[in-house]
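Under the UniProt record's numbering, the sequence shown has 22 at position 22, and the numbering climbs by one with no breaks. One structure below.
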Amino acid sequence: MSDTIDKLKAIVQKADFTDEQKEGYLQSLDGLSKVKVPEINEALAQLLPEAEKNPAKIREFMWGMAKVMLAYVKGGEAGVKQLLEQQIAAAKSQ
């Protein structure tokens with residue numbers, strides 16, 4: 001897992017992000033390295049090959065996590081479920 005985080009950090013450092021964005025993404029990746037949740041580890045492993053091709057995928061991943069956390073704070077599991085349902089509906093309409 002730490003190998004994946006290290007590779008993602010290297011991508012962030014080389015990417016065309018602002019210094020503030022880089023700092024935030026690096027701090028977030030540090031935090032995620034301490035989380036022992038298999039689903040998060042799996043998501044990061046899936047993110048890596050996409051981020052190698054397109055560093056902006058890291059930004060999308062971080063925004064997605066932030067949206068889920070905010071939905072959870074506002075409405076618990078029901079809030080997250082509602083967010084996911086909205087995302088699925090939006091994807092189907094495209």
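Just so you know, even glycine gets a beta-carbon here, dropped at the ideal spot from N, CA and C.
What whole-angstrom Cβ distance do residue i and residue j have, given they're in contact under 8 Å?
{"i": "Q87", "j": "A71", "result": "Actually they do not touch by this definition, with Cβ atoms about 10 Å apart."}
{"i": "K9", "j": "L29", "result": "6 Å"}
Cβ of residue i within 8 Å of Cβ of residue j?
{"i": "I40", "j": "I11", "result": "no"}
{"i": "M69", "j": "Y25", "result": "no"}
{"i": "residue 108", "j": "K7", "result": "Because the chain here runs from 1 to 94, residue 108 falls outside it and cannot be looked at."}
{"i": "T4", "j": "A45", "result": "yes"}
Which word fits residue i, buried or exposed, when buried means at least 16 other C-beta atoms lie within 10 angstroms of its C-beta?
{"i": "L84", "result": "exposed"}
{"i": "A51", "result": "buried"}
Hey, quick one: how far does the alpha helix (DSSP H) through residue i stretch, first residue to last?
{"i": "N54", "result": "It is not in any alpha helix (DSSP H) - N54 carries neither H nor E in the DSSP assignment."}
{"i": "D6", "result": "S2 to K14"}
{"i": "Q21", "result": "D19 to S33"}
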